[in-house]
Amino acid sequence: MNRSIRTGSTLILAATLGVASAVASGCKQTARVNYEDARKYPDLVQEETLNVQVFRLGTNLRLTNTTAHTLPAGTLWLNRWFFREVESVEPGESLHLPLKGFRDRYGESFRAGGFFATRDPDLVVLAQLEANGELHGLIVVENRAE
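Residue numbers for the sequence shown follow the numbering used here, so the first one is 40 and each next one is one higher.
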């Protein structure tokens with residue numbers, strides 16, 4: 040009888056651990072949506088395309104200012120949907136940004152990919168800078184989503 044109690048206890052413990060691990064693996068943290076920061080794509084006509092090169096390097100983005108002027112701080116838009124605020128970039132300098140920092144108006148982040156990604160990564164096909172009430176195009180040079 041002692042052996043059957045131990046076997047029953049072991050089975051109950053194993054079942055409890057199995058259910059707990061299944062529940063824990065199904066849970067994921069989601070970003071809290073801050074609707075004050077959420078916004079739609081601006082209703083602006085794109086002005087000139089600036090000589091600012093955008094490189095997608097795995098899960099990161101690199102902007103290189105190849106103009107002779109400082110790129111002003113503003114909102115960087117990807118694919119007319121995802122955005123984030125960026126600081127100004129001096130001539131010849133680069134800005135490195137993690138793609139997961141880009142959000143849409145619903146709080147969803149850009150699917151950057153990576154080793155543990157469960158879905159295919161989004162491509163960067165359009166990059167624009169909204170600054171000083173104007174929308175400027177940027178040059179997407181490389182889109183390597185490892």
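Glycine included, every Cβ here is placed at the ideal spot set by N, Cα and C.
Here Phe122 is buried: its Cβ has 16 or more other Cβ atoms, across all protein chains shown, within 10 Å. By the Cβ criterion, the stretch 158–177 is in contact with the stretch 110–119, since at least three pairs of Cβ atoms, one from each stretch, lie closer than 8 Å. Between the alpha carbons of Asn118 and Asn90 lies a distance of about 18 Å.
Per DSSP, Ser133 is one residue of the beta strand (DSSP E) stretching across Ser133 to Pro137. If you draw a straight line from the Cα of Leu168 to the Cα of Phe154, it comes to about 29 Å.
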